[in-house]
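Taken in order, the sequence shown gives residues 1 to 492; the numbers are from the working numbering. We treat Cβ as the ideally placed atom computed from N, Cα and C, and that holds for glycine.
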Amino acid sequence: MQDERQVVVVGSGPAGAAAARELVEAGISVTMLEAGTRFEPGLLVRSGGKNLYRRTPPLQEEAGHSVSGDPQTLCFAKLAPGGLSNCWTGAVPRFAAEDFTEGERLHERYRWPITYTDLAPYYEKVERSLDITADRRDKPQLPGGYAAYDRRIPEDWEVVERAANRHGQGFTVYPLADGPPTMLVRRGTAFNSFTNIVSPLLKSSNFRLVIGAHALSLEWSPEKGKVDGLLYHDRHTGETKRIEAEAVIVACGPLGTAKLLHNSVSKDFPEGLGNSEGLLGRFLHDHPREWWAFEMERPRKLLSPPAYLTRLPYDTSPPLMATSWTLGVANLSDRVRSRFGQTGTTVGVQMIGTMIPTEACVAKPSATKKDEFGLPVLDVCIRYSDAEVDNVVRARQHLLKVLEEAGCRATIGDVVPTLFPGTVAHYGGTARMHAKPEYGVVDAWNRVYRAPNVLVCDAACFTTAAEKNPTLTVMAIAARAATRLARDLKHT
């Protein structure tokens, strides 16, 4: 029996949820396929605007992949409604305007086909649904946005902000989707895309959710010149089923999206849907990340919520090379003490660096291994260059320099050795967007160039990666693409 739903959305993570919401609000019928079979509980205890305890469901290494680059590469996934929003930090910084253009200093292929101005209204719309705690003011390299709870860094850290400003950097409260000041919920994150967005959509007659539906391939119709259906494995019955679609939004994570498109072969697309230029899966990138703590000579107010030191201006660094620093409490004891405004000398630091995407970093079908469905597993080949690792290592000393200039002498403790791909689960770029098809798989509206009724709306579409958590930008891009899709469907 033909399914009359117009749009199929694959994935209930932040990207899929944001896209589905826009479509349903526009009156478009949506069927969402979610590979996970059940929601996994966690625990979040929040009081006085501070997270006192947080237990998230464990991440799993993604099945159906192999590694041929850095042997330490990790490929995390969360096959559960809400995807990685079950486990994320809640970090929601906006990209800066220059983050979309900086890559052009290196080559045309690294310029995004969209601008900050294009995304700004969608940033705000998404932010209004996230219960964000942040400083609403613009800071260097970090545009201000809508925050439900306006916060400032503690007064005794303002000297660090002034020192950072002298380097052209900002130092501010880290934007976090932390929820209301008081929470006790049986999930590990304040914002979960399934709980906060998808579940309310179930009240609409225009929305249908299929749980345990593992997408296998998109079906191309040469007669219609478009994708007209999708095959999925029903984890409850073990059957392979087909669903018809007027359009498909793919949002199953940069690795999952690459695998689905690679699996979608036909006479017109023998190497995978949209892979006419051989770019599908290429330009894979991730954030080099490390965590450590430093000890200060004198105590200062414990940083809860965390503080954020923005990157140096791009003109002080090689193209696309940047690092940001997040400073916060380092242990459970300090987390509890921060609730009462106490001071401490130990500060935890997470550093996020960047990498330059290249064609050599690729997620492609394995020539020898098959998954549980008899399809090629995804071979992940990614490795950080020496320059990308050195960029993060040098950033340690820059932070100490800023602190010392602020009269806050500090020494670094043990550095956790995590400078290998996948530790932060920020993959992107496998179906990158670009204004020209010779440099991108999708266009500025996320439409696959030779199959424009298929939209890639997760971080697979990223042209480059800024030194920021990608989630807010992913959701804004997905909302923008879905808004255009709804308009196109209504006028077709």
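Can you grab the Cα-Cα spacing for the pair residue 112 / residue 464, in whole Å? Your numbering for residue 112 matches position 112 in the sequence shown. Your numbering for residue 464 matches position 464 in the sequence shown. Rounded to whole angstroms, residue 112 to residue 464 spans 8 Å at the Cα level.
From 76, 105, 244, 437, residue whose alpha carbon lies closest to that of residue 356: Working through the sequence shown from its first residue, we reach residue 356 at position 356. Looking at the Cα atoms, 105 is the closest of the given residues.
Confirm, please, whether the CB-CB distance from residue 283 to residue 70 is below 8 Å. Within the sequence shown, numbered from 1, the residue matching residue 70 stands at position 70. Within the sequence shown, numbered from 1, the residue matching residue 283 stands at position 283. No, the pair does not count as a contact, with Cβ atoms beyond the cut-off.
Only counting the same chain, and skipping five residues up and downstream in sequence, which positions put a Cβ closer than 7 Å to that of residue 414? As a working mapping, residue 414 is identified with position 414 in the sequence shown. So the list reads 292, once near-sequence residues are dropped.
To the nearest angstrom, how far is the alpha carbon of residue 250 from that of residue 448? By 1-based counting over the sequence shown, the position of residue 250 is 250. By 1-based counting over the sequence shown, the position of residue 448 is 448. Distance between the alpha carbons of residue 250 and residue 448 is about 10 Å.
The alpha helix (DSSP H) that contains residue 475, what's its start and end? To locate residue 475, count along the sequence shown from 1; it is residue 475. Per DSSP, residue 475 belongs to the alpha helix (DSSP H) from 471 to 490.
Does the region 290 to 309 come close enough to the region 341 to 355 that 3 or more CB-CB pairs lie under 8 Å? yes
Secondary structure of residue 157, DSSP reduced to three states: If you number the sequence shown from 1, residue 157 lands on position 157. Helix at residue 157.
What separation, rounded to the nearest whole angstrom, lies between the Cα atoms of residue 383 and residue 466? Here residue 383 is taken as the residue at index 383 of the sequence shown, counted from 1. Here residue 466 is taken as the residue at index 466 of the sequence shown, counted from 1. Each residue's Cα considered, the two are about 18 Å apart.
Does DSSP put residue 461 in a helix, a strand or coil? Walking along the sequence shown from the start, residue 461 turns up at place 461. Helix at residue 461.
Using CA coordinates, which residue listed in 164, 259, 39 is at the minimum distance from residue 212? Position 212 of the sequence shown, counted from the start, is the residue given in the question as residue 212. When only C-alpha atoms are compared, the closest one is 39.
Own chain residues within Cβ distance below 8 Å of residue 435, not counting five before or after: On the sequence shown, position 435 is the one that residue 435 refers to. Answer for residue 435: 111, 113, 443, 444, listed in chain order.
Can you tell me whether residue 298 is helix, strand or coil according to DSSP? As a position in the sequence shown, residue 298 is number 298, starting the count at 1. Three-state DSSP puts residue 298 in a strand.
Note down, in chain order, each residue of its chain lying with its Cβ closer than 8 Å to the Cβ of residue 388, except the 5 sequence neighbours on either side. For the purposes of this step, residue 388 is identified with residue 388 of the sequence shown, where counting begins at 1. Excluding residues within five positions, the ones whose Cβ falls inside 8 Å are 288, 321, 353, 354, 355, 356.
Among 406, 216, 163, which one has its Cα closest to the Cα of residue 298? One-based indexing of the sequence shown puts residue 298 at position 298. Of the listed residues, the one whose Cα sits closest to residue 298 is 406.
Run through DSSP, which three-state label would residue 276 get? As a working mapping, residue 276 is identified with position 276 in the sequence shown. Residue 276: coil per DSSP, three-state reduction.
C-alpha gap between residue 260 and residue 460, whole angstroms: Against the sequence shown, residue 260 aligns to sequence position 260. Against the sequence shown, residue 460 aligns to sequence position 460. For residue 260 and residue 460, the distance between alpha carbons rounds to 12 Å.
Report all residues from its chain with a CB closer than 8 Å to the CB of residue 138; omit the five preceding and five following residues, and keep chain order. Numbered from 1 along the sequence shown, position 138 holds the residue referred to as residue 138. Contacts found: 144.
Which residues bound the alpha helix (DSSP H) around residue 16? Translated into the one-based positions of the sequence shown, residue 16 becomes position 16. Segment 14 to 25, the alpha helix (DSSP H) holding residue 16.
Note the first and the last residue of the continuous beta strand (DSSP E) segment covering residue 6. Within the sequence shown, numbered from 1, the residue matching residue 6 stands at position 6. Counting along the chain, residue 6 falls outside any beta strand (DSSP E), and DSSP gives it neither H nor E.
Which class does residue 53 belong to by DSSP, given the choice of helix, strand or coil? Within the sequence shown, the letter at position 53 stands for residue 53. Looking at residue 53 - three-state DSSP - the assignment turns out to be strand.
Since residue 343 is in the beta strand (DSSP E), which residue starts that stretch and which ends it? Translated into the one-based positions of the sequence shown, residue 343 becomes position 343. Start and end: 343 to 353.
Where the alpha helix (DSSP H) containing residue 122 begins and where it ends: In the sequence shown, the residue the question calls residue 122 occupies position 122. 116 to 127 is the extent of the alpha helix (DSSP H) around residue 122.
Taking the beta carbon of residue 373 as the centre, do at least 16 other beta carbons fall within 10 Å, making it buried, or is it exposed? Indexing the sequence shown from 1 puts residue 373 at position 373. By the 10 Å Cβ count, residue 373 comes out exposed.
Helix, strand or coil at residue 441 according to DSSP, with G and I counted as helix: Here residue 441 is taken as the residue at index 441 of the sequence shown, counted from 1. Of the three classes helix, strand and coil, the one that applies to residue 441 here is coil, per DSSP.
Expressed to the nearest angstrom, what Euclidean distance is found between the alpha-carbon atoms of residue 58 and residue 87? Numbered from 1 along the sequence shown, position 58 holds the residue referred to as residue 58. Numbered from 1 along the sequence shown, position 87 holds the residue referred to as residue 87. Roughly 8 Å separates the two Cα atoms.
Compare the beta carbon distance of residue 231 and residue 217 with 8 Å and say whether it is the shorter of the two. To locate residue 231, count along the sequence shown from 1; it is residue 231. To locate residue 217, count along the sequence shown from 1; it is residue 217. Their beta carbons are under 8 Å apart, which means residue 231 touches residue 217 by this criterion.
Could you check how far apart the C-beta atoms of residue 339 and residue 90 are, in whole angstroms? I think they sit under 8 Å. For the purposes of this step, residue 339 is taken as residue 339 along the sequence shown, with counting starting at 1. For the purposes of this step, residue 90 is taken as residue 90 along the sequence shown, with counting starting at 1. That pair is no contact at about 18 Å.
What residue does the alpha helix (DSSP H) around residue 394 start on, and which one ends it? If you number the sequence shown from 1, residue 394 lands on position 394. Note, residue 394: alpha helix (DSSP H), 386 to 405.
Measure the C-alpha to C-alpha separation of residue 329 and residue 264 and round it to an integer number of angstroms. Here residue 329 refers to the residue found at position 329 when the sequence shown is read from its first residue. Here residue 264 refers to the residue found at position 264 when the sequence shown is read from its first residue. The alpha-carbon atoms of residue 329 and residue 264 are separated by roughly 46 Å.
To which residues of the same chain is residue 127 closer than 6 Å at the C-beta, ignoring the five residues directly before and after it? Reading the sequence shown from its first residue, position 127 is the one you call residue 127. Once the five neighbours on either side are set aside, the close Cβ partners of residue 127 are 145, 146.
May I ask you to report which of helix, strand or coil DSSP gives residue 174? In the sequence shown, the residue the question calls residue 174 occupies position 174. Reduced to three states, the DSSP call for residue 174 is coil.
Grab the span of the alpha helix (DSSP H) containing residue 73 for me, first residue to last. In the sequence shown, counting from the first residue as 1, residue 73 sits at position 73. Note, residue 73: premise wrong, no alpha helix (DSSP H); not H, not E.
Please name the residue or residues paired with residue 229 in a DSSP beta bridge. In the sequence shown, counting from the first residue as 1, residue 229 sits at position 229. According to DSSP, residue 229 bridges with 219, 244.
Residues bridged to residue 320 by DSSP? For the purposes of this step, residue 320 is taken as the residue at position 320 of the sequence shown. Bridge partners of residue 320: none, in fact.
Note down the Cα distance separating residue 490 from residue 336, rounded to an integer number of angstroms. Numbered from its first residue, the sequence shown carries residue 490 at position 490. Numbered from its first residue, the sequence shown carries residue 336 at position 336. Taking the straight line joining both Cα atoms gives about 53 Å.
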